[in-house]
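The sequence shown stops at residue 119 when you use my numbering, and every number in between is there. Yeah, the Cβ is synthetic: ideal placement off N, Cα and C, and Gly gets one too. Note that the coordinates shown come from a computational prediction; the quantities given were computed from them, not determined experimentally.
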Amino acid sequence: MKIKKILTRLYVHDINTSIDFYKKLLNQDCDLIVKYSEMQLELAQIGNILILSGTDEALKPFRDTSATFLVDSVIEFREFLLQNGAVIVRDLKKVPTGMNLTVKHLDGTIIEYVEHKNSNA
-1 MKIKKILTRL YVHDINTSID FYKKLLNQDC DLIVKYSEMQ LELAQIGNIL
49 ILSGTDEALK PFRDTSATFL VDSVIEFREF LLQNGAVIVR DLKKVPTGMN
99 LTVKHLDGTI IEYVEHKNSN A
């Protein structure tokens, strides 16, 4: 069980403007751009930033999520989290990048756990 990377989440309406800005700010290329049609969102990752873009309505269910943890095994983390008092907000689900799970930790913080398909993320 390993957390590979922690991503700070930003919620925006114009993904292209945000991508351009954060590429310049961080002096890094965009690592990932994904359309998540089912949720009417677009996502981009630049370094340790995850940009979620959509309408206010599309973003509303996700705004309370503080961060995304990229992990080696979302199933192992699910078991660990449940055994340690976390509450499932959104259970295991296949997503465009692999599989995810969103939980509320004991302190009330909501975190998304993601295991990428290629698991090299």
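- prompt: With DSSP run on the structure shown, which of helix, strand or coil describes threonine 63?
  reply: Within the sequence shown, numbered from 1, the residue matching residue 63 stands at position 65. Three-state DSSP puts threonine 63 in a strand.
- request: Report the rounded CA-to-CA distance for asparagine 116 versus glycine 96, giving the unit in angstroms.
  value: Indexing the sequence shown from 1 puts residue 116 at position 118. Indexing the sequence shown from 1 puts residue 96 at position 98. Near 8 Å, if we compare the C-alpha coordinates of glycine 96 and asparagine 116.
field: Beta-carbon proximity list for glycine 83, same chain, < 7 Å, skipping 5 on both sides
entry: Stepping through the sequence shown from its first residue, residue 83 is reached at position 85. Contacts found: Leu104.
- prompt: Per DSSP, which one or two residues make a beta bridge with tyrosine 20?
  reply: Along the sequence shown, one-based indexing puts residue 20 at 22. None, per the DSSP bridge assignment.
task: Quick one: residues in its chain with C-beta nearer than 6 Å to the C-beta of valine 69, no 5 flanking neighbours on either side, listed in chain order?
output: Your numbering for residue 69 matches position 71 in the sequence shown. Only Ile1, Phe75, Tyr111 and Glu113 meet the Cβ criterion.
- prompt: For threonine 107, which three-state DSSP category applies?
  reply: Within the sequence shown, residue 107 is the residue found at index 109, counting from 1. The answer is coil: DSSP assigns threonine 107 none of H, G, I, E or B.
- prompt: Relative to the alpha-carbon of valine 32, which residue among Asn14, Gly106 and Asp54 has its alpha-carbon at the smallest distance?
  reply: Indexing the sequence shown from 1 puts residue 32 at position 34. The option with the nearest alpha carbon to valine 32 is Asn14.
task: Would you check if the segment 44 to 52 and the segment 5 to 19 touch, i.e. whether three or more CB-CB distances between them fall below 8 Å?
output: They touch, by the three-pair rule.
- request: Taking aspartate 89 as part of the beta strand (DSSP E), name the residues at either end of that continuous run.
  value: One-based indexing of the sequence shown puts residue 89 at position 91. From DSSP, the beta strand (DSSP E) with aspartate 89 extends over 85 to 93.
message: Which of the three DSSP states is assigned to alanine 119 in this structure?
response: Counting from one through the sequence shown, the residue named residue 119 turns up at place 121. Low confidence applies here, because alanine 119 scores a pLDDT of 45, under 50, leaving its location unreliable; read the following figure in that light. The DSSP-derived three-state label of alanine 119 is coil.
- prompt: Helix, strand or coil: how does DSSP classify asparagine 25 here?
  reply: Residue mapping note: residue 25 aligns to position 27 of the sequence shown, counting from 1. DSSP, read as helix, strand or coil, puts asparagine 25 in coil.
- request: Excluding the 5 residues preceding and the 5 following tyrosine 20 in the sequence, name in chain order all residues of the same chain whose CB lies nearer than 6 Å to its CB.
  value: Position 22 of the sequence shown holds residue 20. Annotation for tyrosine 20: Ile44 and Ile47 place their beta carbon closer than 6 Å to its own, counting only its chain and skipping 5 residues before and after.
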